[in-house]
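Colleague:
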Amino acid sequence: MQNDKTKLPKFNMHTVNATTCILIALIFVFANLFNHVYSQNSVQTIVIDAGHGGKDPGCHGKFSKEKHVCLSMALKLGALIKEKYPNIKVIYTRDKDVFVELAERANIANKAKADLFICIHANAASPAAYGTETYVLGLHRTDAQQKVASRENSIIKLENDGGAQYKNFNLSADAIIAKRLQLSVFLDHAILFAQFIQREFKKLGRHDRGVKQAGFVVLYRTTMPSVLIETGFLTNSKEESFIGKEPGQDKMARAMFDAFVKYKNKIEGTDSDVSDTKEEITEKPIEKNVVSNNSDFVEKVNEEVNKNSGLIFRVQIISSTKDLPKNSDRFKNEKEIHKYFQNGLYKYCAGNFTNDLESAKKYKVKMREIGFKGAFVVAFLDGERIGIEKAINLVEK
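Going by our numbering, the letters in the sequence shown line up with residues 7 to 403, in that order.
Right under this line is the structure:
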C-alpha cells in the first residue's frame with residue numbers, strides 16, 4: 007500500500023443514478039445465464055498475488071517494506087498449499103522482487119482460469135491504527151475504505167504508460183454494482199473465503215476489522231472469487247514487529263492456509279470442521295441419474311429416478327475420491343446414505359426430506375453433533391442436484 011494519494015473516481019452508496027436500474031435489469035439477465043453455466047465445486051488452480059514489488063515498495067514501517075512482507079507471506083502460503091495439495095496448481099503473480107502492473111496481475115489469474123485469487127497486502131495509516139481486514143469487490147461504506155482502495159490502486163502511476171491504459175476505466179457506483187451482479191456467484195464465494203480468513207486471524211489474537219468492500223482495480227478485473235487481504239499496519243510498531251518478521255509471517259501464512267482449507271472443504275463438501283457461514287453456495291445442477299441409494303450402491307438409473315422424484319432435501323456429510331463401501335466406518339453407522347458423483351468426487355448424503363427444508367436443517371445439526379462437522383443441506387429435483395436457493399424458491403411457491 008502506498009502512503010501517497012492518487013485521485014480515482016470516488017463513489018458511495020448514495021451516488022447511484024437512475025441508469026443503475028437499467029444496468030441491473032440487463033446485467034441480471036446475463037448474470038443468471040452466466041451463473042447457470044458456472045459452478046465452482048472444486049478448487050484446482052490458485053493465483054497468489056504478493057502486492058507491490060520492484061520499483062513499487064508499497065508502504066513501510068521503521069524497518070520493513072510492504073513489498074517484502076507480502077512476498078514472504080505469499081510464498082509461505084503457496085508452499086503450504088503445495089505440500090498438502092500436490093494436485094492443486096499454485097501460480098504466483100511474482101515470486102521475487104519485481105514490478106507487476108495491476109492489469110497484468112488480473113490477466114495472470116484470468117488466463118490461468120484460476121478458481122481463487124488471493125491478493126496479499128499490508129496496511130498504512132496513523133500509528134494508532136491496527137488490525138486485519140479482508141476486502142471483496144464492492145462499494146466502500148466509509149472514507150477509510152475508499153482510502154485503502156485509492157492507495158492500493160495508486161500503483162498505476164508507476165506503470166510504464168503512467169496509467170494511460172486505465173484512462174477510461176470506470177469505477178463508478180453504477181459500474182461496481184453492475185460488475186457485482188455479473189459476478190454474483192464469485193462474490194458469494196469470495197465473501198465466504200474472506201470470512202474464514204478473518205476468523206483464522208482472530209484465532210491468532212489479531213484484531214478483526216472485518217470483511218469489507220471497496221473498488222480495487224485488481225479485484226474488478228478478475229473473473230473468479232477474489233479477495234484482497236490487509237494483513238496488518240506497518241505504521242503500527244507492534245504490528246510491524248509481528249508481520250515484519252519471519253515468525254509472524256509464518257503464523258499469518260498458516261492462518262491463511264487454514265482458512266483456505268476450510269474454504270476448499272466447504273466448496274467441495276468434504277467432511278471438515280467448518281462452521282456454517284452461509285447455508286449453502288448455489289451450485290450448477292449435475293447430470294441426471296447419478297444419485298444412488300446406499301442399500302446396494304449400484305447405479306440403477308430407472309429405479310433411482312423414480313425413487314428420487316420430486317423435490318428432496320438431504321444433508322451432505324462426506325466427499326471422497328474413492329467409492330466408499332456401504333459399511334464404511336466413515337458413515338458412523340448411519341443407515342440411510344445416498345451418494346452422487348460430481349466433478350471427480352463421490353459425495354454422500356444422509357436423510358431424505360421431501361419438500362421439507364426445515365427438517366433437513368434440523369438433521370444437519372444432528373449430523374454435526376455426531377461428528378460430521380462440515381455437514382450442509384443439499385437439494386435434488388427429480389434426481390438432479392440443484393442449488394439451494396432454487397430449491398427454497400420451489401418450496402415457497
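We put the CB at the ideal spot given by N, CA and C, even for glycine.
1. For PHE248, which residues in the same chain have their Cβ closer than 7 Å to its Cβ, ignoring the five residues on either side in sequence?
2. Reducing DSSP to helix, strand and coil, say where CYS65 ends up.
3. Work out the CA separation of VAL383 and PHE2 for me, nearest whole Å.
4. Hey, quick one: how far does the beta strand (DSSP E) through ASP256 stretch, first residue to last?
5. Leaving aside the five residues before and after LYS82 along the sequence, list all residues of the same chain whose C-beta is less than 7 Å from its C-beta, in chain order.
6. Compare the C-alpha of TYR354 against each of SER365, LEU363, ARG391 and name the closest.
7. Do GLU246 and ASN129 have their C-beta atoms within less than 8 Å of each other?
8. Using a Cβ cut-off of 8 Å (strictly closer), state whether LEU143 contacts chain D.
9. Between the alpha carbons of PHE378 and VAL371, how many angstroms are there, rounded?
10. Could you tell me how far apart the beta carbons of VAL104 and GLY59 are, in whole angstroms, since I believe they sit closer than 8 Å?
11. Decide if SER132 is buried, meaning its Cβ has at least 16 other Cβ atoms within 10 Å, or exposed.
12. Where does the unbroken alpha helix (DSSP H) through ALA131 begin, and where does it stop?
13. Quick one: residues in its chain with C-beta nearer than 6 Å to the C-beta of GLU274, no 5 flanking neighbours on either side, listed in chain order?
14. Under a three-way DSSP split, which group does PHE303 fall into?
15. Where does ARG111 sit, in a helix, a strand or coil, going by DSSP?
16. When the Cα atoms are used, what is the spatial distance from ALA261 to LEU86?
17. Rounded to the nearest angstrom, what separates LEU210 and ASP264 at their Cα positions?
18. Identify, in the order they occur along the chain, each residue of the same chain with its Cβ nearer than 6 Å to the Cβ of ALA56, setting aside the five sequence neighbours on each side.
19. What's the call for ASN271, buried or exposed, on a 16-neighbour Cβ count within 10 Å?
20. Rank LYS73, ARG111, GLU342, GLN322 by C-alpha distance to the C-alpha of ILE250 and give the top, closest one.
21. Sorted by chain position, which residues of the same chain lie with C-beta nearer than 8 Å to PHE405's C-beta, five sequence neighbours on each side aside?
22. LEU234 bridges to which residues according to DSSP?
23. Given this structure, state the Cα-to-Cα distance separating ARG374 from SER365, to the nearest angstrom.
24. Helix, strand or coil for GLN204 per DSSP?
25. Can you give the beta carbon distance from VAL224 to ALA112, rounded, assuming they're within the 8 Å contact cut?
26. Taking only the alpha-carbon atoms, compute the straight-line gap between LYS208 and ARG215 and give it to the nearest angstrom.
27. Check each candidate in HIS195, PHE319, LYS90, LYS88 and name the one with the smallest Cα separation from LEU122.
28. Please state whether DSSP places ARG391 in a helix, a strand or coil.
29. Measuring only the C-alpha atoms, how far is LEU400 from ALA356?
30. With a floor of 3 residues, list each beta strand (DSSP E) that falls wholly inside the region 68–108, ordered by position along the chain.
31. How is the alpha helix (DSSP H) around VAL224 delimited, first residue to last?
32. Using only the alpha-carbon positions, how far apart do ALA385 and LYS61 sit?
33. Per DSSP, what kind of secondary structure is LYS345 in: helix, strand or coil?
34. What residue does the beta strand (DSSP E) around LYS353 start on, and which one ends it?
35. Within its chain, find whatever has a CB closer than 7 Å to the CB of LYS338; leave out the 5 residues flanking it on each side and keep chain order.
36. Output needed for LEU387: all residues of its chain with C-beta closer than 6 Å, excluding positions within five of it in sequence on either side, in chain order.
Modeller: Well, looking at it:
1. Answer for PHE248: GLY238, GLY254, listed in chain order.
2. coil
3. Only positions 7 to 403 of the chain appear in the structure, and residue 2 is not among them; the question remains open.
4. Element bounds for ASP256: not the beta strand (DSSP E) but the alpha helix (DSSP H), 252–274.
5. In its chain, beyond the 5 residues on either side, GLN255, ASP256, ALA259 have a beta carbon closer than 7 Å to the beta carbon of LYS82.
6. Looking at the Cα atoms, ARG391 is the closest of the given residues.
7. It is not a contact, given that the beta carbons lie outside the stated cut-off.
8. Absent here is chain D; the protein component of the structure consists of one chain.
9. Distance between the alpha carbons of PHE378 and VAL371 is about 9 Å.
10. Confirmed, Cβ separation roughly 5 Å.
11. exposed
12. No alpha helix (DSSP H) holds ALA131; DSSP gives it neither H nor E.
13. SER48, SER325
14. Reliability of the predicted coordinates at PHE303 is poor, the pLDDT of 37 falling under 50, and the value obtained from them is presented with this limitation in mind. Three-state result, PHE303: coil.
15. helix
16. When the Cα atoms are used, ALA261 and LEU86 turn out to be separated by approximately 11 Å.
17. Distance between LEU210 and ASP264, taken at the CA atoms: about 12 Å.
18. CYS76, LEU77, ALA80, ARG100, ILE126
19. buried
20. Per the sequence shown, residue 250 should be read as Gly rather than Ile. Nearest of LYS73, ARG111, GLU342, GLN322 to GLY250, Cα basis: LYS73.
21. Past the edges of the chain, shown from 7 to 403, lies residue 405, and the structure says nothing about it.
22. CYS125, TYR141
23. Cα to Cα, ARG374 sits roughly 14 Å from SER365.
24. It is helical.
25. 5 Å
26. Distance between the alpha carbons of LYS208 and ARG215: 10 Å.
27. HIS195
28. strand
29. 21 Å
30. 95–98, all fully within the region 68–108.
31. That run of the alpha helix (DSSP H) goes 223–227.
32. Straight-line Cα distance between these residues: approximately 52 Å.
33. strand
34. Note, LYS353: beta strand (DSSP E), 351–360.
35. ILE376, GLY377
36. LEU317
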